[in-house]
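S.K.: Attaching a single structure in structure tokens format; questions to follow.
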Amino acid sequence: MKYPKKLREGAIIGLAAPSSPVSSERVMQCRAVLEAMGFKVIMADNLAVSKGGYMAGDEECRADWINKMFADKEVEAIFCIRGGDGGNRILDYIDLETIRENKKIFVGYSDVTSLHLLFNQECDLVTFHGPMVSSNMVEQFDEASKDAFFAALTAEEEYPYKAPKGFALGIGREGRAKGVLTGGNLTVLCASLGTSYEMDTAGKILFIEEIGEHIGNLDRHIYQLRNAGKLKETSGILLGQFARCDTDEEAYTIIDVVLEATEGLDIPVMYNVQSGHDFPMITLPMGAECTMDTGKRSILFSVVR
Numbered sequence: 131m132k133y134p135k136k137l138r139e140g141a142i143i144g145l146a147a148p149s150s151p152v153s154s155e156r157v158m159q160c161r162a163v164l165e166a167m168g169f170k171v172i173m174a175d176n177l178a179v180s181k182g183g184y185m186a187g188d189e190e191c192r193a194d195w196i197n198k199m200f201a202d203k204e205v206e207a208i209f210c211i212r213g214g215d216g217g218n219r220i221l222d223y224i225d226l227e228t229i230r231e232n233k234k235i236f237v238g239y240s241d242v243t244s245l246h247l248l249f250n251q252e253c254d255l256v257t258f259h260g261p262m263v264s265s266n267m268v269e270q271f272d273e274a275s276k277d278a279f280f281a282a283l284t285a286e287e288e289y290p291y292k293a294p295k296g297f298a299l300g301i302g303r304e305g306r307a308k309g310v311l312t313g314g315n316l317t318v319l320c321a322s323l324g325t326s327y328e329m330d331t332a333g334k335i336l337f338i339e340e341i342g343e344h345i346g347n348l349d350r351h352i353y354q355l356r357n358a359g360k361l362k363e364t365s366g367i368l369l370g371q372f373a374r375c376d377t378d379e380e381a382y383t384i385i386d387v388v389l390e391a392t393e394g395l396d397i398p399v400m401y402n403v404q405s406g407h408d409f410p411m412i413t414l415p416m417g418a419e420c421t422m423d424t425g426k427r428s429i430l431f432s433v434v435r
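Heads up: the sequence shown runs through residues 131 to 435, numbered per the working numbering.
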């Protein structure tokens with residue numbers, strides 16, 4: 131898969147809402163934040179539009195703005211304003227040929243996972259599981275998140291994951307693995323199964339994160355991936371942030387669930403990767419070739435343009 135062109139200073143950013151909306155006041159705050167960084171901003175007209183209270187307008191409209199921003203020669207990168215819900219509704223309306231012909235930086239996470247899978251698997255495009263404008267940049271765009279964001283979007287030959295201070299990488303199962311990075315939000319990944327947009331994990335490194343789920347639900351989702359054959363196909367697993375996820379026993383966590391679900395498989399597992407619904411939020415290039423090495427406690431991405 132190919133990296134898009136590097137983000138340049140003063141670039142024109144397309145601000146999109148493929149899932150849920152924000153308030154009109156928040157839209158202006160998001161624009162101001164990007165302009166303060168030196169960017170010019172083109173905004174979709176559905177950022178504050180509500181359908182059902184949880185979608186930023188009709189699915190055709192949300193998809194059309196993604197299509198138009200990829201087609202617009204002036205727009206150099208597309209940042210999602212937030213995640214939320216309803217993103218899987220727009221997949222049928224995405225113009226894949228337009229995306230293939232106009233590879234650009236695309237950033238988001240959470241519900242945006244469905245678009246990462248689509249663009250990675252169908253358009254040969256590396257996308258970025260990284261900070262969203264309303265969710266991460268307006269109030270607390272901390273230095274670790276900001277540094278990683280710009281490092282990932284301007285990398286030359288390689289981009290190393292740098293563990294923020296106080297968040298050392300953990301080792302669940304030792305080993306070294308290499309493969310294209312796939313994954314994202316666990317609930318959205320499971321929702322792809324059995325559809326024409328199903329996640330492909332064969333030979334890939336699987337990244338997983340989640341928010342606000344009880345350990346029992348996490349277990350159910352992990353075993354859905356296992357029972358669908360998605361875990362045994364992977365070359366390695368990276369566990370991200372599991373923000374506000376509850377356990378019944380402090381000593382039994384998502385790490386234990388994943389290790390049990392992959393027992394007997396030669397699959398290295400690393401955890402405490404700081405990417406997901408918490409701070410700091412370190413950007414990960416989805417679709418890029420990734421090498422994980424538990425001996426070195428390292429995660430390294432190759433940049434190919």
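The C-beta atom is built at its ideal place from N, Cα and C for all residues, glycine as well.
#1: Here's a check: name, in chain order, each residue in its chain whose Cβ is nearer than 6 Å to the Cβ of Ser265, leaving out the five neighbours to either side.
#2: Among Tyr223, Gly260, Asp254, Glu252, which residue has its Cα nearest to the Cα of Tyr239?
#3: Our contact map puts Cys253 next to Ile229 with C-beta atoms below 8 Å; I'd like the distance itself, whole angstroms only.
#4: Please indicate yes or no: does the CB of Gly296 lie closer than 7 Å to some heavy atom of the ligand HEM?
#5: Is DSSP giving Thr317 helix, strand or coil here?
#6: Checking the sheet assignment: what are the DSSP bridge partners for Val310?
#7: Enumerate in chain order the residues of its own chain whose CB-to-CB distance from Lys308 is below 6 Å, with the five nearest sequence positions on each side excluded.
#8: Give the DSSP bridge partners of Thr257, in chain order.
#9: Between the alpha carbons of Gln159 and Glu269, how many angstroms are there, rounded?
#10: Helix, strand or coil: how does DSSP classify Glu165 here?
#11: Can you confirm whether the segment 278 to 285 touches the segment 354 to 366 when touching is taken to mean that 3 or more C-beta pairs between the two stretches lie within less than 8 Å?
#12: Classify Val237 as helix, strand or coil using the three-state DSSP reduction.
M.R.: With the given structure in hand:
#1: Contacts found: Arg212.
#2: If you compare the alpha carbons of Tyr223, Gly260, Asp254, Glu252 with that of Tyr239, the shortest gap goes to Gly260.
#3: In this structure, Cys253 and Ile229 form a Cβ contact; the two beta carbons are roughly 4 Å apart against a cut-off of 8 Å.
#4: Among the ligands in the structure shown, none appear at all, so the ligand HEM cannot be discussed.
#5: Helix, per DSSP.
#6: Paired residue(s): Glu419.
#7: Cβ within range, chain order: Thr421.
#8: Per DSSP, Met416.
#9: Cα to Cα, the separation comes out at about 10 Å.
#10: Helix, per DSSP.
#11: In the pairwise beta carbon analysis, the segment 354 to 366 is classified as not touching the segment 278 to 285: fewer than three pairs are separated by under 8 Å.
#12: Strand.
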